[in-house]
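Worksheet: one structure, shown below.
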Amino acid sequence: MDHTLIQAKDLCRSYRTDRESIRVLDGLSLELLRGQAVAVIGPSGSGKSTLLNLLNGLLCPDSGQLQVFGREQSELTEADWAELRRTRIATLFQDGNLIPTLTVARNIAFRAGLAGLEAYEGDALLEQLDITDTAHRYPDQLSGGQRQRAALACAFAMQPQLILADEPTGSLDQATAKRVSPLFFDAIRERNVGALIVTHNPELARSCDRILELREGALHPWDSAASF
Ligand SMILES: Nc1ncnc2c1ncn2[C@@H]1O[C@H](COP(=O)(O)OP(=O)(O)O)[C@@H](O)[C@H]1O
Ligand SMILES: [Mg+2]
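Heads up: the sequence shown runs through residues 1 to 228, numbered per UniProt numbering.
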């Protein structure tokens with residue numbers, strides 16, 4: 001089995017408005033293997049969310065090469081990407097992508113069901129994230145931090161092979177954030193998952209195999225001695 005989950009070379013991506021074109025990613029390269037966690041840091045507006053959405057197929061690069069699960073981006077149809085997002089790639093969006101008309105427990109069941117799983121560990125995930133009491137609440141009845149944790153539970157319930165996380169602890173206090181790391185690192189160890197984690201949490205970032213900084217449209221190795 002090929003261990004490369006993501007192979008990206010010289011990716012460029014601009015946004016065009018009627019007044020200007022902003023080049024956000026400018027020659028970005030990245031390799032992510034199974035069993036590996038890579039942290040991405042970078043200031044607001046540097047293109048972190050844009051990068052994640054290129055890797056899950058919600059955006060297309062303007063140029064460059066991208067392979068995901070060994071398949072060329074240019075050869076993947078919308079349906080192929082949808083299938084990957086349903087069964088293999090979990091994206092944790094910054095705003096926590098829960099279905100508003102379903103309770104937390106049903107959001108989790110739905111997500112696992114989409115991935116074709118009959119058995120999933122919903123209760124254990126809720127317990128691990130300390131949100132058992134939210135199981136029968138709707139997303140708009142949760143705090144920001146509870147919503148973020150419910151979104152994490154959904155993502156892990158689908159047992160993805162590739163996890164793209166956009167500030168997964170951004171709405172959590174330090175003590176609660178500590179509960180999140182084991183989700184990633186257990187999945188990496190037990191199921192050989194690969195994770196790309198956008199995070200400003202120093203502890204989470206330092207637990208990853210590499211820290212990369214997104215700057216001027218490309219990824220650069222982060223000097224781990226530097227402070228955040
Ligand atoms: N749909 C869009 N149209 C135009 N500009 C956009 C769009 N989405 C993002 N941008 C711009 O692209 C840059 C990178 O955005 P983003 O990837 O969200 O950065 P980050 O996640 O690092 O904060 C920002 O300058 C942002 O304003
Ligand atoms: Mg962002």
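Ideal Cβ positions, reconstructed from N, Cα and C, are used throughout, including at glycine. Since this is a predicted model, take the numbers as computed values, not measurements.
For a cut-off of 8 Å, the C-beta gap from Ser63 to Cys12 is around 5 Å, short enough to register as a contact. Of all residues, those with a beta-carbon under 6 Å from at least one heavy atom of ligand 1 are Tyr15, Thr17, Ile22, Val24, Gly42, Ser44, Gly45, Ser46, Gly47, Lys48, Ser49, Thr50, reported in chain order. Counting only unbroken stretches of 4 or more residues, the alpha helix (DSSP H) elements lying wholly within the segment 24–62 are 48–55, in sequence order. DSSP places Cys208 outside both helix and strand once states are collapsed to three, so it counts as coil. Ser74 has its alpha-carbon roughly 28 Å from the corresponding atom of Ile211. With fewer than 16 other beta carbons inside 10 angstroms of its own, Asp186 counts as exposed. Rounded to the nearest angstrom, the Cβ distance from Leu142 to Arg179 is 16 Å, too far for a contact under 8 Å. Counting only runs of at least 3 residues, the segment 67–116 fully encloses the following beta strand (DSSP E) elements, listed from N- to C-terminal order: 89–92. Here the alpha carbons of Pro100 and Gly45 stand approximately 28 Å from one another. Judged by beta-carbon spacing, Thr169 lies beyond the 9 Å limit of Gln146, meaning their Cβ atoms are not closer than that value.
Contact check for Ala109 against Ala157 passes: the beta carbons are separated by less than 9 Å. Ala195 and Ile6 have their C-alpha atoms spaced approximately 10 Å apart. In the structure shown, Gly170 adopts coil according to DSSP, grouped into three states.
Inclusion of Leu54 and Pro61 in the CB contact set at 9 Å is warranted, their separation being smaller than that value.
Per DSSP, the unbroken beta strand (DSSP E) holding Pro221 starts and ends at 218–221. By the criterion of a C-beta distance shorter than 6 Å, Ala218 is surrounded in its chain by Gly27, Leu28, once the five residues flanking it on both sides are discounted.
Taking a 10 Å sphere around the C-beta of Gln174, we find fewer than 16 other C-beta atoms and assign the residue as exposed.
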